[in-house]
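A.B. asks:
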Amino acid sequence: MRWTISKTETADTAGDLLVFPIFQKNEKADLKSLLKGTKGGIRPTAAGQTPAAGLKKKVATSGFVAKASSMLPVYCSNTKAGWLLLTGFGDEKKVGLETIRKAAGTVAQKARNMKTARILVAVPDSARLGIDDAAFTRAWVEGAEMGLSAVGILKTDKKSKDIPASWKFLADSSRHKALRAGVAEGEKFAAGCNFARALVNEPPNLQTPVKLAEAAQKMAKEEGMSCKILTVPQMKKLNMGGLLGVGQGSSNPPRLIALKYKGGKSKKSPTVALVGKGVTFDTGGISLKPGANMDLMKSDMGGAAAVLGAARIIARLGLDVNLVTIVPTAENMPDGNAIRPADVLTMANGKTVEVLNTDAEGRLILGDALWYAGRGKPDYIIDAATLTGACVVALGNHFAGLMSNSSELIDSLKQAGGETFERVWHLPLIDEHKDAMKGTWSDLKNLGPREGGALTAAGFLSHFVPDDTQWAHVDIAGPSYAEKGSATSPVGGTGFGARLLARAVQIIVS
Ligand code: BES
Ligand code: MN
Ligand code: ZN
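Everything in the sequence shown is counted per this note's numbering, starting at 71 for the first residue and increasing by one.
Given below as structure tokens:
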């Protein structure tokens, strides 16, 4: 999609659909200003009506109330755009960034249905919204691009998806600089999110660990990052028993993906490691999952998608940070060669782990990946993983669980999530959770008590994080996949975490 900014009068700008924001309880005054701003140029269809009376009548008879994301299309013969879309923003005191994203996504989906290619957006007064111009366009661009992220790309009757193709914000020239800056950021965040979504949506027969590594390598090249991919012999040299163990039941071999972005501008620039769980399909292994909804386990690489999407955003923003992105990727399958309950694996950090349940595979591959990340002595490590059903039971689909040893990371991630609307909920992580994962036959076991399953999973991971490193674990099992579409997120992978982690890193380095 193409985004531009113009100062042309509302009624005189060429386009196919003019979006005009209206606020709840203020409908009359907003309509009046619309009519004034267009010098009476807006003329609804009915013959014999004066423009103002016609529009007012149309709005009155439709019962239009400007609730957030409500819309009323009005045809007007006297604007170049033809169609006018009155777009509700709700109560102006309650407008947040997500209100804007949702309105934009709703408009975008509507425009696609109406097959309108060129959209004009009259930018509302920033003082009135309490949201500055850059934040407005950033959120609008994100909402529209995310609302139209591709679904059904493998359908053979696929039609062209470039509708709407162009968007133009209309505002005084004094506001253009800020609006333009917001557009540029919004495009980057949306691109990272949609990239993550596409990775999650890819079917598991086409997206094996090798293919995921190829996708990461391609992205790294496009964004100017270096990329190293460890194959089985290299993982054996590093004694990565966890990643090798989980991968050994599949004919699709595991990989460890390591991307590096050297954005640090000085010696003081921090090093951040992002680590994402990349199980391309989770059958549960020998501890096989039940059949119902097992197809959703193609999304078990949602953490990998999140960190790769975040890396793409961070590189495009050119943040002052040295970023390493680590993705352990494997397919968890039952097979004659698969690991079994009671097996003992030796992890890359030398610790022995008894496998009590082969479905607790995420922590096994992450243990090795966290150790690998820690070897580079980063200042911060953040991992994202679709790790536990327990976290979904506790928090549902609208929150990720956040467990951390660092108040700075907790604050940054909470702030970032509030802004991107990828919300995190801080859960406890104490020594008791770490100790609960000590094994009977070996140092650790991969299955803890039933209660507090999200917390003890984090406790397990903590055994692989260097003691003095600030670390946060984000369990995204709930929000990473949506079985129902919304204004900003079609059905499927949500890309949850890509914008969150990029924004958190942006906060950390600011
Ligand atoms: N990938 C699953 C967790 C999951 C569940 C993700 C629901 C998305 C939606 C993970 O590998 C898993 O199977 N976890 C087990 C752990 C248990 C055996 C300790 C779980 O949560 O049941
Ligand atoms: Mn599992
Ligand atoms: Zn899993």
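For each residue, glycine too, the CB sits at the ideal point set by N, CA and C.
Just so we're clear, the structure is a prediction, and the values are computed from it rather than from any experiment.
From residue 580 to residue 449, what does the alpha carbon distance come to, in whole angstroms?
C.D. replies: Looking at the backbone, the Cα of residue 580 and that of residue 449 are separated by about 15 Å.
A.B. asks: Beta-carbon separation of residue 304 and residue 297 under 9 Å?
C.D. replies: No, they are not a contact pair.
A.B. asks: Three Cβ pairs or more, each shorter than 8 Å: is that satisfied between the stretch 442 to 462 and the stretch 335 to 346?
C.D. replies: Flag = yes, the stretch 442 to 462 and the stretch 335 to 346 touch.
A.B. asks: From the DSSP secondary-structure annotation, give me the bridge partner or partners of residue 342.
C.D. replies: 393, 450
A.B. asks: If you measure between the beta carbons of residue 423 and residue 411, is that distance less than 9 Å?
C.D. replies: With respect to residue 411, residue 423 sits apart: the two C-beta atoms are not nearer than 9 Å.
A.B. asks: So within the stretch 361 to 439, which uninterrupted alpha helix (DSSP H) runs reach at least 4 residues, ignoring any that extend past its ends?
C.D. replies: 372 to 387
A.B. asks: Could you tell me the alpha carbon to alpha carbon distance between residue 117 and residue 145, rounded to whole angstroms?
C.D. replies: Note that residue 117 has pLDDT 46, beneath the 50 cutoff, so the model's placement of it is unreliable and no number is given.
A.B. asks: Which runs of the beta strand (DSSP E) at least 3 residues long sit entirely within the stretch 221 to 301? Give them in chain order.
C.D. replies: Those beta strand (DSSP E) runs which fall completely within the stretch 221 to 301 and span 3+ residues are 236 to 240, 296 to 300.
A.B. asks: Pop quiz: residue 421 and residue 533 are said to be a contact at Cβ under 8 Å. What is the actual Cβ separation, rounded to whole angstroms?
C.D. replies: With 8 Å as the limit, residue 421 and residue 533 qualify as a contact, their Cβ atoms being about 6 Å apart.
A.B. asks: Does DSSP put residue 116 in a helix, a strand or coil?
C.D. replies: Confidence is the limiting factor: at residue 116 the pLDDT is only 45, short of 50, which leaves the residue's position unreliable, though a coordinate-based value still follows. Coil, per DSSP.
A.B. asks: Looking only at its own chain, which residues have a Cβ that is under 6 Å from the Cβ of residue 328, when we skip the five neighbours before and after it?
C.D. replies: Excluding five sequence positions before and after residue 328, the CB atoms of its chain that fall closer than 6 Å to its own CB belong to 298, 396, given in chain order.
A.B. asks: So does the stretch 162 to 175 actually touch the stretch 202 to 211, counting three or more Cβ pairs closer than 8 Å?
C.D. replies: yes
A.B. asks: Does the contact criterion of 3 or more C-beta pairs under 8 Å hold for the stretch 470 to 480 versus the stretch 533 to 544?
C.D. replies: yes
A.B. asks: Around the C-beta of residue 324, are 16 or more other C-beta atoms found within 10 angstroms, so that it is buried, or is it exposed?
C.D. replies: buried
A.B. asks: Where are the alpha helix (DSSP H) runs, 4 residues long or more, that stay fully inside the stretch 140 to 166, in chain order?
C.D. replies: none
A.B. asks: Could you tell me whether the Cβ of residue 210 comes closer than 9 Å to any Cβ of chain D?
C.D. replies: The structure shown has no chain D; it contains just one protein chain.
A.B. asks: I want to check one thing, is the minimum distance from the CB of residue 401 to the heavy atoms of the ligand ZN below 8 Å?
C.D. replies: Because no heavy atom of the ligand ZN lies under 8 Å away, the Cβ of residue 401 does not count as near it: no.
A.B. asks: Around the C-beta of residue 110, are 16 or more other C-beta atoms found within 10 angstroms, so that it is buried, or is it exposed?
C.D. replies: Legend: pLDDT at residue 110 = 49, less than 50; position of this residue unreliable, value from coordinates given subsequently. Around the beta carbon of residue 110, fewer than 16 other beta carbons lie within 10 angstroms, which makes this residue exposed.
A.B. asks: Rounded to a whole number of angstroms, what is the C-alpha to C-alpha distance between residue 113 and residue 283?
C.D. replies: In this predicted model, residue 113 has a pLDDT of only 47, less than 50, meaning its place in the structure is not dependable enough to derive any value.
A.B. asks: By the DSSP assignment, the alpha helix (DSSP H) with residue 504 in it spans what residues?
C.D. replies: 501 to 505
A.B. asks: Please go through the same chain and pick out, in chain order, the residues whose beta-carbon is closer than 6 Å to the beta-carbon of residue 570, but skip the five residues on each side of it.
C.D. replies: Here residue 570 has 486, 487, 490, 492 as same chain residues with Cβ atoms under 6 Å from its own Cβ, once five neighbours each way along the sequence are excluded.
A.B. asks: On the DSSP letters alone, give me the boundaries of the alpha helix (DSSP H) that residue 465 sits inside.
C.D. replies: 459 to 465
A.B. asks: How far does the beta strand (DSSP E) with residue 92 in it reach, from first residue to last?
C.D. replies: 87 to 92
A.B. asks: Could you pull out every residue in the same chain whose Cβ sits closer than 8 Å to the Cβ of residue 360, ignoring the five residues on either side in sequence?
C.D. replies: Non-local beta-carbon contacts of residue 360 in its own chain, meaning distances under 8 Å to residues more than five positions away in sequence, are absent.
A.B. asks: Comparing the CB of residue 266 with every heavy atom of the ligand BES, is any distance shorter than 8 Å?
C.D. replies: No; taking the cut-off as 8 Å, the Cβ of residue 266 has no heavy atom of the ligand BES nearer than that.
A.B. asks: Are the CB atoms of residue 399 and residue 349 within a distance shorter than 9 Å?
C.D. replies: yes
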